[in-house]
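Here the working numbering is used: the first residue of the sequence shown is 5, the next is one more, and so on. Here the structure comes first, spelled out in structure tokens, and everything after it is commentary.
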Amino acid sequence: IDDLAELAANREIAEMTSRIPHPYTRQDAEAFVGSILDGTASGYIYAVTHGETGHLIGMCSVEMRARSNGLEVAYWIGRKWWGHGYATEASKAVVDLAFKVTGTDEIFATCRVNNVASRRVLLKQGFEFIGLDETDTAASGRVRVERYRVTRANWLETIEAAE
């Protein structure tokens with residue numbers, strides 16, 4: 005809980021996500037983890053941990069979202085670990101799992117229009133830009149976002165090309 009609170013307390017992270025408030029407190033982390041443990045959190049939420057140390061470095065999820073009318077992947081990585089491919093690795097694993105265990109033919113994602121790194125993560129995985137939108141965020145109010153979608157066929161093609 006303390007590691008989660010420390011990572012999520014970074015303003016840069018809160019400003020790029022829709023649900024992380026700023027400031028983010030230990031009580032926020034306790035409530036978030038509690039919602040996962042008691043089943044009130046929606047979707048499937050995974051801790052992203054460092055492969056060598058096992059320390060928490062971020063979060064990744066896939067869940068049904070009304071704004072997408074389908075499954076949506078979301079992720080964030082602690083500031084210290086930006087630029088090392090962890091967001092790509094985590095989101096790729098969650099998207100792959102979602103396609104394998106659900107009958108969905110498409111998965112959606114959004115990112116802030118100024119979040120170049122997140123855009124790159126999505127494009128590397130075969131996500132295609134489908135339009136601009138606005139969304140309400142806990143830390144920054146209403147913001148402009150880019151919407152993306154990857155179909156099962158595009159996903160498989162992208163994965164096969166990478167092998």
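Just so it is clear, CB atoms sit at the ideal spot from N, CA and C, and this is done for glycine as well.
Same chain only: Cβ atoms within 8 Å of MET20, ignoring 5 sequence neighbours per side: TRP80, CYS115, ARG116, ASN119 and SER122
Endpoints, alpha helix (DSSP H) assigned at GLY38: 30-41
Close beta carbons around ILE40, own chain, < 8 Å, minus the five adjacent residues each side: ILE49
Any beta strand (DSSP E) of 3 or more consecutive residues that is wholly inside the region 61-136: 74-81 and 110-116
Unbroken beta strand (DSSP E) run spanning ALA51, endpoints: 48-53
Burial state of GLN129 (16 or more Cβ within 10 Å): buried
The beta strand (DSSP E) enclosing GLU150, as first and last residue numbers: 145-155
Straight-line Cα distance separating ALA94 from GLY127: One point to set straight first is that residue 127 is Leu, not Gly, in the sequence displayed. Roughly 15 Å separates the two Cα atoms.
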